[in-house]
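Note sheet for the following structure.
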Amino acid sequence: MRSILKASSIKTLVNYLGINEIILGALCLIHSISMIRNFSETAEVPQSDIFFYDFGPYYYFLLVAAGLSLLKGPLLIYSVKKQALCAPSRNSFLTSRRPDSLHLYDFYSYWRDTVGNFTTLPQVFKENGYYTHSIGKIFHPGVSSNFTDDAKYSWSGQPFHPKTETYKEAKVCMNPDGQLARNLICPVIPDAQPGGTLPDLESLVAAQEFLKHKDQITKGKPFFLAVGFHKPHVPLKFPVDYLEFHPLEDVVLPKIRWKPPLMPSVAWNPWLDVKSRDDITKLNLSFPFGVMPDNVTRQVIRGYNAATSYIDDLIESLLGKINLNNTVVVLTGDHGWSRGEHGEFSKFSNFDVATQVPLIIHVPGLSHVEVVVDQLVELVDLFPTLVDLTQVAPSLPTCSEDGKNSKLCTEGRSMVPIMVTKKQKQVSPGKSAVFSQYPRPGAFPTQQPDSDRPRLNQITVMGYSIRTQQHRYTEWIKFNHTSFMPDWSTVYGKELYDHLIDPLENMNLALRPELSYVVSSLRKKLIAGWRYA
């Protein structure tokens, strides 16, 4: 592995986006170049790569990450996850269906048993001649993937999980007094850890071994390799050497580090998981709106940046083993992560910082030129996009209203038209809005039940959110967890943010009389939903 990255790295991107776990490949599709759609002939686009970032206009900057310097091309804005929680977000983009269609808002149901035997992204490649393999965290482990990572349907071989993930919640973080603790910020010496390494280092080795022996493993088939790196997920555990590249004095704090006065209480994420960590518990913060001290916030941001630089190095090491001339590569994450914005930490909300994720796609034969594609996209769009790019199957139809009668359909939209027409300097009609949602057990933050992670039978409120190029509008309404039906007549809170004047979503304008027409218009679009965006 090369030396640790400096500022020009994916760390910088992830620092601004606040992503949680990294999925390389959730897709690394590798196949003969003839199997990739020939854009140079069909669209008069020179052979090249495609680069997709997703971030809001207030984080609008372009960089070439050291670990991704081989992946150049268009920059696509704005990608959003459906729900800022691991299992719902992963199952959503891996099936191209939204949480309301999967009936999954927590970790405790498996879609094939509860709503339908829906085909997954890796499954469609497996069923069409690919060898598919999972390394690390792709599906969320446990009930939501049938305790198998959906292995029977999605993967050709046994999914790989690093053994040292067993110690994820162990007391292995060294305090200044020499005592071991279960901390949020956890710089470590990998060789001194249980098992002598770290989970993402194990996943890197497993991926490199797969690539080294791919011909024997796949028996000559094209393959779909999915590698899921855990960090920078909580706890922020990373090799201690990475701290030296992120001086504490260089950390920039969010401008608003407390709950904005007009933010409805139901929208608040009390970051209970973060507060349960030993180094944060000892601060004795008040519940639910206690403010993290600035010196600790700086340490959290520094730890987050260091954990991200660590993963950046792993990504570069893996990219160096891939033939980019006949490989489609996707880099994305499962949700964002707040680092003190609005006084919040972690995810569990509908704010941009929690719902945005990077989406970077390298496609041989599409573009060598870095181009900004200023369009709204969602990760449910990834499945139909990869089908169209590789032509592994016919283009996916849009799912019917109930969605249950089709095993293979999409609740997204292929991004190929906007990728190609942008290069041709034409205009392709993209989405007018993207959507997210988050559940709550009640209108006010509680510890029991957990406001951040309510179980299905505890959900009584759903926050539905619509994001346009200019606005975010969120409405927190009554929700029936038995019928899975929203009640738009019972409203617990409204939020309206204008990104032209408030890109950090600190000033809620929903109750301003002069903007009632904006609220009314966005509310109609929110209720109508994604089919009409």
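Per UniProt numbering, residue 1 is the first one in the sequence shown, and the count goes up by one each step. Where is the CB? At the ideal position from N, CA and C, for every residue including glycine. Just so we're clear, the structure is a prediction, and the values are computed from it rather than from any experiment.
Task: One or two residues paired with D498 in a DSSP bridge - done: Its beta-bridge partners are H471.
Task: Check whether P384 and S96 have beta carbons under 8 Å apart - done: Cβ atoms of P384 and S96: closer than 8 Å.
Open item on the list: Runs of 3 residues minimum, wholly inside the stretch 287 to 349: which ones carry the beta strand (DSSP E) assignment?
Closed with: Listed in chain order, the beta strand (DSSP E) runs fully inside the stretch 287 to 349 are 327 to 333, counting runs of at least 3 residues.
Open item on the list: Rounded to the nearest angstrom, what separates P57 and A226 at their Cα positions?
Closed with: Low confidence applies here, because P57 scores a pLDDT of 22, under 50, leaving its location unreliable; read the following figure in that light. In a straight line, the C-alpha of P57 is about 30 Å away from that of A226.
Open item on the list: Measuring only the C-alpha atoms, how far is R90 from V330?
Closed with: Cα-Cα distance, rounded: 15 Å.
- [ ] Starting from the C-beta of A87, find all residues in its chain whose C-beta is less than 6 Å away, skip the five residues before and the five after it, and write them out in chain order.
- [x] Counting only Cβ-Cβ distances below 6 Å, and skipping sequence neighbours, we find F107, H140, S144.
Task: Proximity of K171 and L180 at Cβ, strictly below 8 Å - done: For K171 and L180, yes; Cβs fall inside 8 Å.
- [ ] Use the C-beta contact count for Q216: other C-beta atoms within 10 angstroms, 16 or more gives buried, fewer gives exposed.
- [x] Answer is exposed; the Cβ neighbour count stays below 16.
- [ ] Counting only runs of 3+ residues fully inside the stretch 173 to 213, write out the beta strand (DSSP E) ranges in chain order.
- [x] If we require 3 residues or more, the beta strand (DSSP E) runs fully inside the stretch 173 to 213 come out as 185 to 188.
TODO: Using 10 angstroms around the beta-carbon of L94, count the other beta-carbons present and answer buried if the total reaches 16, otherwise exposed.
DONE: Of the residues assessed, L94 falls on the buried side of the cut-off, its CB having 16 or more other CB atoms within 10 angstroms.
Task: Of the residues Y497, Y167, K219, the one placed nearest H230, counting alpha carbons only - done: When Y497, Y167, K219 are compared, the shortest CA-CA separation from H230 is found for Y167.
- [ ] Taking all protein chains shown into account, decide if R298 is buried (16 or more other Cβ within 10 angstroms of its Cβ) or exposed.
- [x] Buried: at least 16 other Cβ atoms inside 10 Å.
TODO: Could you pull out every unbroken alpha helix (DSSP H) segment of at least 4 residues lying fully inside the stretch 392 to 417, listed in chain order?
DONE: If you keep only unbroken alpha helix (DSSP H) runs of at least 4 residues inside the stretch 392 to 417, you get nothing at all.
Open item on the list: Using only the alpha-carbon positions, how far apart do Y438 and Q123 sit?
Closed with: Distance from the CA atom of Y438 to the CA atom of Q123, rounded to whole angstroms, is 28 Å.
Open item on the list: So, does the stretch 322 to 329 touch the stretch 270 to 288, judging by three or more C-beta pairs under 8 Å?
Closed with: At 8 Å Cβ cutoff, the stretches do not touch.
Open item on the list: Need the endpoints of the alpha helix (DSSP H) that A354 sits in, please.
Closed with: A354 -> alpha helix (DSSP H) spans 352 to 355.
- [ ] Return the CA-CA distance between N506 and P288, expressed in angstroms with no decimal places.
- [x] Rounded to whole angstroms, the separation of the alpha carbons of P288 and N506 is 18 Å.
Task: Burial state of D269 (16 or more Cβ within 10 Å) - done: Per the sequence shown, residue 269 should be read as Asn rather than Asp. It is buried - the Cβ of N269 has at least 16 other Cβ atoms within 10 Å.
Open item on the list: At the level of alpha carbons, what is the spacing between L262 and A306?
Closed with: Per the coordinates, the alpha-carbon of L262 lies some 34 Å from the alpha-carbon of A306.
- [ ] Indicate the three-state DSSP secondary structure (helix, strand or coil) for E378 in the structure shown.
- [x] E378 carries a strand assignment under DSSP once its states are collapsed to helix, strand and coil.
Task: Chain-order list of residues whose beta-carbon lies under 6 Å from that of P194 (same chain, five-residue window excluded) - done: Same-chain partners within the cutoff: Y167.
Task: Given P441 as reference, the closest of S432, K431, R455, Y310 once Cα atoms are compared - done: Per the Cα distances, R455.
Open item on the list: When you compare the CB of R512 with every CB in chain B, is at least one pair closer than 8 Å?
Closed with: Protein chain content of the structure displayed is limited to a single chain, and chain B is not contained in it.
Task: Start-to-end residues for the alpha helix (DSSP H) that takes in I280 - done: In the DSSP assignment, I280 falls within the alpha helix (DSSP H) that extends over 278 to 281.
- [ ] Please report the Cβ distance between L504 and K255, rounded to the nearest whole angstrom; I am assuming they are in contact, meaning their Cβ atoms lie under 8 Å.
- [x] Rounded, the Cβ-Cβ distance is 7 Å, consistent with contact.
Task: Span of the beta strand (DSSP E), counted from its first residue to its last, around K237 - done: Note, K237: beta strand (DSSP E), 236 to 239.
Task: Nearest-angstrom Cα separation, counted from W155 out to L318 - done: Answer to the nearest angstrom: the Cα atoms are 21 Å apart.
Task: Strand pairing of W488, partner residues [DSSP] - done: None, per the DSSP bridge assignment.
Task: P439 - DSSP class collapsed to helix/strand/coil - done: It is a strand residue.
Open item on the list: When you compare the stretch 448 to 464 with the stretch 472 to 489, are there three or more beta-carbon pairs, one atom per stretch, that lie closer than 8 Å?
Closed with: As far as the Cβ criterion goes, the stretch 448 to 464 touches the stretch 472 to 489, which means the pair count is three or higher.
Open item on the list: Just to confirm before moving on: does the CB-CB distance between L379 and T119 stay below 8 Å?
Closed with: No, the Cβ-Cβ distance between L379 and T119 is not below 8 Å.
Open item on the list: Quick check for students: name the residue ranges of the alpha helix (DSSP H) that lie wholly in the stretch 86 to 133, counting only runs of 4 or more.
Closed with: Those alpha helix (DSSP H) runs which fall completely within the stretch 86 to 133 and span 4+ residues are 86 to 95, 99 to 102, 111 to 114, 121 to 126.
- [ ] Classify K524 as helix, strand or coil using the three-state DSSP reduction.
- [x] Helix, per DSSP.
TODO: Could you pull the start and end residues of the alpha helix (DSSP H) that L359 belongs to?
DONE: Note, L359: premise wrong, no alpha helix (DSSP H); beta strand (DSSP E) at 359 to 362.
TODO: Please name the residue or residues paired with I466 in a DSSP beta bridge.
DONE: F435, Y473, per the DSSP bridge assignment.
Open item on the list: Pull the bridge partners of K478 from the DSSP assignment, please.
Closed with: The beta-bridge partner set that DSSP reports for K478 consists of V461, D487.
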